[in-house]
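Each number in our numbering corresponds to the 1-based position in the sequence shown with 47 added. Backbone N, C-alpha and C fix where the C-beta goes; we use that ideal spot for every residue, glycine too.
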Amino acid sequence: MSIGMTLFVILQAQDNIMNLPLTNGWGEKHRLFLKWKYMEAKAAAYYYHGLILDEGNTEKSHGMAVAALQAADEYLKESKKACEAFNSSVPVSRNPPLWGTMKYLSEKIPKDTSSKVQINRDLYSQEKIMERAPTLPDFALALKPDEYQLPLVDASWNKEEINDQFTSNKPEV
Numbered sequence: 048m049s050i051g052m053t054l055f056v057i058l059q060a061q062d063n064i065m066n067l068p069l070t071n072g073w074g075e076k077h078r079l080f081l082k083w084k085y086m087e088a089k090a091a092a093y094y095y096h097g098l099i100l101d102e103g104n105t106e107k108s109h110g111m112a113v114a115a116l117q118a119a120d121e122y123l124k125e126s127k128k129a130c131e132a133f134n135s136s137v138p139v140s141r142n143p144p145l146w147g148t149m150k151y152l153s154e155k156i157p158k159d160t161s162s163k164v165q166i167n168r169d170l171y172s173q174e175k176i177m178e179r180a181p182t183l184p185d186f187a188l189a190l191k192p193d194e195y196q197l198p199l200v201d202a203s204w205n206k207e208e209i210n211d212q213f214t215s216n217k218p219e220v
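Printed below as a string of structure tokens:
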């Protein structure tokens, strides 16, 4: 799945989750999970956008690349905070070890950002480096997600029936 598609799907999920009647803290937990994954996707998007911009031959493209990499670094830090908030919210869960793409990016983003900032500070004056991250390109989605309908809730999830089963199975004294 492309990064643009990932961002689109996460934003769509964030919008739709607000309409769900989630109780017992699960609604907040789901919202924090989406925020965490959205920050990770933004970090990846800005990182790769920065690498592409750095391929340019102008001062402006190098300045924009540095700004994009700095934005990626900030989004990576925010994703770590969002991960901690997700894991510490009720019901509490453990902080998973990084793996796959995010393990790679968590090592590459800070390293590449600091080296590109240093190189560009040496080459150009501070005024030439953008303070704001460039906007991400708006690519048309190559894939359209399939419509999905959640299945109906199984009757076994009905709390009243479960309580009735427990009370009816108690031996009489």
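Other residues of its chain near residue i: CB distance less than 6 Å, five sequence neighbours each side excluded
i	result
Lys89	Tyr122
Ser108	Leu100
Phe133	Leu79, Phe80, Trp83
Spatial neighbours of residue i in its chain, beta-carbon cut-off 8 Å, leaving aside the 5 residues before and after
i	result
Thr148	Ala91
Pro157	Asp120, Leu123
Nearest candidate by alpha-carbon position, reference residue i, set the options
i	options	result
Ser162	Thr105, Ala60, Gln61, Gln117	Gln117
Glu131	Glu194, Pro181, Lys84	Lys84
Arg179	Val113, Glu102, Leu79, Tyr94	Val113
Ala115	Pro198, Pro184, Pro143	Pro184
Asp159	Arg78, Phe55, His96	His96
Glu75	Pro144, Asn205, Pro143, Ala129	Ala129
Tyr93	Val200, Asp193, Leu152	Leu152
Lys155	Leu197, Leu98, Pro144	Leu98
Nonlocal neighbours in the same chain, by C-beta distance under 7 Å from residue i, ignoring five residues either side
i	result
Leu81	Ile57, Ala60, Gln61, Ile64
Glu87	Ser126, Met149
Lys191	none
Three-state secondary structure (DSSP) of residue i
i	result
Trp146	coil
Ala132	helix
Asp193	coil
Arg141	coil
Asp201	coil
Ile176	Residue confidence is low: Ile176 scores 49 on pLDDT, short of 50, so the model does not pin down where it sits. Its coordinate-derived value is still stated next. Coil at Ile176, not helix or strand.
Residue environment, residue i, which counts as buried when at least 16 other CB atoms sit within 10 Å
i	result
Ser203	exposed
Leu103	Here residue 103 is Gly; the residue named in the question, Leu, does not match the sequence. Classification for Gly103: exposed.
Leu100	buried
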